[in-house]
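For reference, each letter of the sequence shown is one residue, going 2 to 140 in my numbering. Working notes for the structure below.
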Amino acid sequence: MLVGRILAIDYGTKRTGIAVTDILRIVPGGLTTVPTHQLLTFLDGYFQKEPVDIIVVGLPKNMDGTDSESMKYIRPFVARLGTMYPDKQVVMHDERFTSVLAHKAIMDAGIHKMARRNKALVDEISATIILQSYMDSKR
Numbered sequence: 002m003l004v005g006r007i008l009a010i011d012y013g014t015k016r017t018g019i020a021v022t023d024i025l026r027i028v029p030g031g032l033t034t035v036p037t038h039q040l041l042t043f044l045d046g047y048f049q050k051e052p053v054d055i056i057v058v059g060l061p062k063n064m065d066g067t068d069s070e071s072m073k074y075i076r077p078f079v080a081r082l083g084t085m086y087p088d089k090q091v092v093m094h095d096e097r098f099t100s101v102l103a104h105k106a107i108m109d110a111g112i113h114k115m116a117r118r119n120k121a122l123v124d125e126i127s128a129t130i131i132l133q134s135y136m137d138s139k140r
């Protein structure tokens with residue numbers, strides 16, 4: 002039985018994009034972008050207000066399938082999530098091309114040039130794309 006949302010994280014060393022589903026797990030949407038050093042505090046507060054069962058963390062891979070350089074930051078973060086939130090399933094999901102797709106989505110939406118430079122918006126949309134991709138893979 003589904004009881005909680007699915008939350009996706011596009012982890013970055015400076016900023017982290019966050020997306021979440023509706024309570025029925027039908028529609029993914031961007032939630033916010035937070036400074037990475039405040040991420041765990043943000044998640045604590047969010048989990049106190051909203052039921053979340055699954056945390057999806059973007060898995061950055063190189064084109065040849067090997068781990069990207071940022072995995073040295075993401076693996077310890079994922080391990081910490083598992084320790085801090087043993088009641089939640091923590092999964093990693095391929096995030097290749099999400100930044101490219103996020104930029105394309107922003108352009109297709111007709112968002113003006115200055116907003117397209119907003120890296121926080123790109124991170125939030127990237128998290129939404131990771132979440133949608135994860136949801137599609139489970140259907």
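Note that CB positions come from ideal geometry on N, CA and C, so glycine has one too.
CA nearest to the CA of residue i, picked from the options
| i | options | result |
| --- | --- | --- |
| residue 34 | 60, 22, 12 | 12 |
| residue 61 | 76, 43, 52, 47 | 76 |
| residue 19 | 126, 139, 95 | 126 |
| residue 86 | 140, 32, 120, 44 | 44 |
| residue 38 | 78, 50, 83 | 78 |
| residue 30 | 138, 128, 67 | 128 |
| residue 133 | 70, 94, 122 | 94 |
| residue 42 | 120, 136, 140, 81 | 81 |
| residue 66 | 46, 50, 96 | 96 |
| residue 88 | 138, 52, 131 | 52 |
Contact check, residue i vs residue j, beta carbons under 8 Å
| i | j | result |
| --- | --- | --- |
| residue 21 | residue 54 | no |
| residue 83 | residue 92 | no |
| residue 63 | residue 71 | no |
CB-CB length for residue i against residue j, believed under 8 Å
| i | j | result |
| --- | --- | --- |
| residue 7 | residue 26 | 6 Å |
| residue 59 | residue 24 | Not really, about 23 Å apart at Cβ, beyond 8 Å. |
| residue 74 | residue 14 | 6 Å |
Beta-bridge partners of residue i, as assigned by DSSP
| i | result |
| --- | --- |
| residue 21 | 8, 30 |
| residue 90 | 55 |
| residue 68 | 62 |
| residue 95 | 60 |
| residue 16 | 36 |
Spatial neighbours of residue i in its chain, beta-carbon cut-off 8 Å, leaving aside the 5 residues before and after
| i | result |
| --- | --- |
| residue 28 | 22 |
Own chain partners of residue i with C-beta closer than 7 Å, once the 5 adjacent residues on each side are dropped
| i | result |
| --- | --- |
| residue 121 | 16, 34 |
Own chain partners of residue i with C-beta closer than 6 Å, once the 5 adjacent residues on each side are dropped
| i | result |
| --- | --- |
| residue 32 | 19, 20, 21 |
| residue 135 | 57, 94 |
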